[in-house]
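Undergrad:
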Amino acid sequence: MASPVSDRPTAPVDASSLDLLRQFEPVVYFTKGEQFFPTDIESYVRDCSLWEHNPDGRDELLVKHGELTTEKLVENRPAPFGAVRYLRYIEPLSLTEAAQMLGKQARLRRRLGYHFHAGIGRLARGGFLPRLMDGLFSLSFLLRGKVPAATAAAAEIDYNETFKEDPKFVYYGRVANQNGWTVLQYWFFSSFDSWRSGFHGVNDHEADWEMINIYLYEDSGRLVPEWLGYASHDFKGDDLRRRWDDRGQVDLEDGHPVVYAGAGSHSSYYRRGEFQAEVSLPMPSWVSEALHAWNKFWTESLGQQAGNLFRIPFIDYARGDGLAVGPGKSHAWSPVLIDESTHWVSRFRGLWGLFARDPISGENAPAGPMYNRDGSPRGTWYDPLGFAGLDKVPPPPQALQRLDKDCKEIIRRQEELERLIPEKADELQSLGIKLKGMEGNPHLAKLYAALEKNLAAQAEEVKELRRERVENIALLQGLTEQFERLKAGEKGDPRAHIHHLVTPDQPGPVFRFDRAAETWAAVSLSLLLFAVAALIFFAPHYFWAGLAIILILFVVADSTLRGAIIQTIGRVTLILAMVAALILLIHFWKWVLIAGLAVMAASLMVQRLRELTK
Amino acid sequence: MAKRKKSYLKKRPAAVSVIAVAIGVLFLIRLYQVVNPLLHQQVFKEGIAGPLLTGWKVTALGSALLSSLSYLLLSAAGIVVLIGFLRLRRWSWVLLMAWTGISLMISLVNYFYSHPNYLVMASDVVIAFALNLTSVQLIFKIRRDDGQPGF
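If you read the protein sequences in the order shown, they are chains G and Y. The numbering used here puts the first residue of the first sequence at 285, with every later residue one more than the last. The numbering used here puts the first residue of the second sequence at -4, with every later residue one more than the last.
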């Protein structure tokens, strides 16, 4: 459902950057139970120490906790190649301190009324095999670096104390102009990302930078909002973009776009709900290729639904039932204007929180708005159009001009072709006659061959020109229709550019036995391990057969609870049939070959005899 | 009555007939498995001439009777499934697939740990692949036209 352009709020072209940002600033709805809200970096930096991780593994303290300011943060300090500079929000805790922090956190949550309840968790939604993979993912934290639970607790306590002293919600706004678009960037900084520890998500890290973009174009001296691009995890491109007038996808409150923030992750969503995010386990390329081939056989030859066992589902809870910040809400924004001249934006290339030494970076803190973790420039900063796939889209007034210019160019070329084609065709015919005249004269053989070559090239050229002319007719028709539509103010389908529309889960009707499914999801993996241990103890001789039977029974029990028993029966039987077929093929390959040949011979004979009798 | 029968025949894909034949083969094998232990124990000649239990232990005759009885039940179930299958009932597809799965599991365990019955295994393979065909799943409403799971 699209609304007309006249309904949109506009701003004068000469409005100051801050006024522009304020006019379109978003309303952000958080999920009940969220612990960290957008805050200011000055007080955060004051609470941090500055460190440097050297390539030899040594960590060096550069500025002590309590002495750090944003000015000290950007002081010039030479460092060796491979060094990582990072802030540390929570200092290392002793065992006693860690226990105290966890206790304090529990008391704080009780006092604040910590209401988050996951409901049917991600594990019950994903099925048994993804749950098995999730177990491996959890075990991977034993090898990877991770942010300790006590650090998350201490961060929560610290943030609450700071917030009590100076309660404010901050965004860092930037205005950029690119290719006719005016881009309003709203950066939100939170002192901690508690997705894993607070909301059963993928990762935790100190410091979190999230961002949304609003894209405006100029029309008759006014800036009009046309597109929105909300950052969500590490996704980018067309799928992130929504049109301002897409009422089915974009919520507006008094001309301000609404953002639903993921609990703990602070990812931005257009709709409220629970979103499944999937994490693919890293694996060697040959395994990926084998899996791809298997998936192809499974879906195309056996007609089964595609699935990837090596993906673990996680849920991003963007319920929007918690605190709301923005215009018209009880909590307003405190905006801060930033650009490339802001010292901490351009001159601090380090991480804004703990460097957890996680090789896949999930638990390492992010860098600032302008840089990636490795210090390279961040795409969202230098290419805000490309970030949302808007680099190929001109602003509407320019689109009209461009279409008009393109149509005129094609018309000019058509006129040229109308003149060229008869000329070239005439030349071709004349060559043909000349060639015909040479036939039967062996002394002209050399000339004949050269002319023949020339004629072939000329024929190809005429053919190409004719094809171009016909293609141009179709192209011109399309462009003219598009021009007329744009001129009439029609913008077409607002979601035509989206390949994969992210929609919230609707778990309600899916599960037949919600409670039992949830309980089973929580205990099944442990039960499986107990069953395997019992098998090894009681019947080691039947280990493989026993393991297969146990796995099948677990999968069947799981799918019964998830209401997918029929599909599971089909899939399990099919896999068993493939194993049995392989065994039969190995033992009776000669008979299979003979039978195959006999069937082919009989079928061919029937076909040929039918032909004879017809 | 004859008219209804004709309409089933018209809708039924060829694979359904193949599966029906395979069930028939399995029925004959099961029937052999019903009769064979009784022949070994000479039940047809001498009747049940001996105890079935000695204390808590099952005798050879008792074991043969138990085995025949279970195979007889399986054969009877096979006939019920076959009737439902020929009448294109959804439950019969589910039962048959589950039954084939269990039978395949037993066949595979037998293959790895004792004496495999290749004829049963081959019949099960044929049934499993035939039941998985899109045309068969569509007619039994296991799958919808758009490839999604059935109703």
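The C-beta atom is built at its ideal place from N, Cα and C for all residues, glycine as well.
#1: Taking G/A640 and G/V431 to be in contact with their CB atoms under 8 Å, please state how far apart those CB atoms are, rounded to whole angstroms.
#2: Less than 8 Å between the C-beta atoms of Y/S98 and Y/P8, yes or no?
#3: Does Y/V20 get closer than 8 Å to chain G when you measure Cβ to Cβ?
#4: Is there contact between the region 550 to 562 of chain G and the region 599 to 616 of chain G, where contact requires at least three CB pairs shorter than 8 Å?
#5: Would you mind sorting G/W479 into buried or exposed? The rule is 16 or more other CB atoms within 10 Å of its CB.
#6: Can G/D842 and G/W804 be called in contact, C-beta distance under 8 Å?
#7: At 8 Å on the CB atoms, spell out the chain Y contacts of G/I820, in chain order.
#8: Taking G/V863 as the query, report the chain Y residues whose CB atoms sit under 9 Å from its CB, ordered along the chain.
#9: In the DSSP assignment, what residue or residues form a beta bridge with G/Y470?
#10: Could you have a look at G/W465 and say whether DSSP puts it in helix, strand or coil?
#11: Tell me whether G/E359 counts as near the ligand FMN, meaning its Cβ is closer than 7 Å to at least one heavy atom of that ligand.
#12: If we ignore side chains and look at the alpha-carbon of each, how far apart do G/S549 and G/K316 end up?
#13: Taking 6 Å as the limit between beta carbons, can you name the residues of its chain near G/N756, skipping five residues before and five after?
#14: Considering only residues of the region 662 to 718 of chain G, which uninterrupted alpha helix (DSSP H) runs meet the minimum length of 4 residues and lie entirely inside it, listed in chain order?
#15: Verify whether the separation of the beta carbon atoms of G/M654 and G/W665 is less than 8 Å.
#16: Give the C-beta separation of G/F320 and G/V609 to the nearest angstrom, bearing in mind that I take them to be a contact with Cβ-Cβ under 8 Å.
#17: Hey, does G/T294 have any beta-carbon neighbour from chain Y nearer than 8 Å?
#18: In three-state terms, what does DSSP make of G/K520?
#19: Tell me, please, whether the region 42 to 58 of chain Y touches the region 95 to 112 of chain Y by the rule of three or more beta-carbon pairs shorter than 8 Å.
#20: Between G/I870 and chain Y, is there a C-beta pair that is closer than 8 Å?
#21: To which residues of the same chain is G/T323 closer than 8 Å at the C-beta, ignoring the five residues directly before and after it?
#22: What residues from chain G crowd round Y/V29, counting only those whose CB sits closer than 8 Å?
#23: Just list the residues that DSSP pairs Y/A49 with in beta bridges.
#24: Is the number of C-beta pairs between the region 667 to 683 of chain G and the region 524 to 532 of chain G that are closer than 8 Å three or more?
#25: Can you confirm whether the region 608 to 623 of chain G touches the region 338 to 352 of chain G when touching is taken to mean that 3 or more C-beta pairs between the two stretches lie within less than 8 Å?
#26: Could you tell me if G/L468 is buried or exposed, where buried requires 16 or more neighbouring beta carbons within 10 angstroms of its beta carbon?
#27: Is it true that the region 62 to 79 of chain Y meets the region 16 to 33 of chain Y, where meeting means three or more beta-carbon pairs spaced less than 8 Å apart?
#28: DSSP has Y/L61 in a bridge; who is on the other side?
#29: Hey, G/C691 and G/L760 are a contact pair by Cβ (cut 8 Å); roughly how many whole angstroms apart?
#30: List the endpoints of the continuous alpha helix (DSSP H) containing Y/H110.
#31: List the endpoints of the continuous alpha helix (DSSP H) containing G/S887.
#32: Counting only beta-carbon separations shorter than 8 Å, does Y/F80 have a partner in chain G?
#33: Can you tell me where the alpha helix (DSSP H) holding G/V543 begins and where it ends?
#34: Does DSSP put G/E510 in a helix, a strand or coil?
#35: In the DSSP assignment, what are the bridge partners of G/Y313?
#36: Quick check on Y/Q165: does DSSP put it in helix, strand or coil?
TA: Here's the rundown:
#1: 6 Å
#2: no
#3: no
#4: yes
#5: buried
#6: yes
#7: Simply none; closest approach about 17 Å.
#8: L99 and L103
#9: G/G457 and G/I496
#10: strand
#11: This structure simply doesn't include the ligand FMN, nor any ligand for that matter.
#12: 13 Å
#13: I694 and Q698
#14: 663 to 666 and 668 to 671
#15: yes
#16: In fact, because the Cβ distance is near 13 Å, the residues do not count as touching under 8 Å.
#17: no
#18: coil
#19: no
#20: no
#21: Y443, T446, F447, K452, F453, V454, F473, S474 and S475
#22: Those within 8 Å of Y/V29 in chain G number zero; the least Cβ separation is about 24 Å.
#23: Position check: residue 49 of chain Y holds Thr in this sequence, whereas Ala was assumed. Bridge partners of Y/T49: Y/K52.
#24: yes
#25: no
#26: buried
#27: yes
#28: Answer by DSSP bridge pairing: none, since Y/L61 is not bridged.
#29: 6 Å
#30: Premise fails: Y/H110 is in no alpha helix (DSSP H) and is neither H nor E.
#31: W873 to T897
#32: no
#33: Where G/V543 is concerned, there is no enclosing alpha helix (DSSP H), although the beta strand (DSSP E) it sits in stretches over H540 to A545.
#34: strand
#35: G/Y544 and G/A608
#36: For residue 165 of chain Y there is no data in the structure shown, the boundaries of chain Y being -4 and 146.
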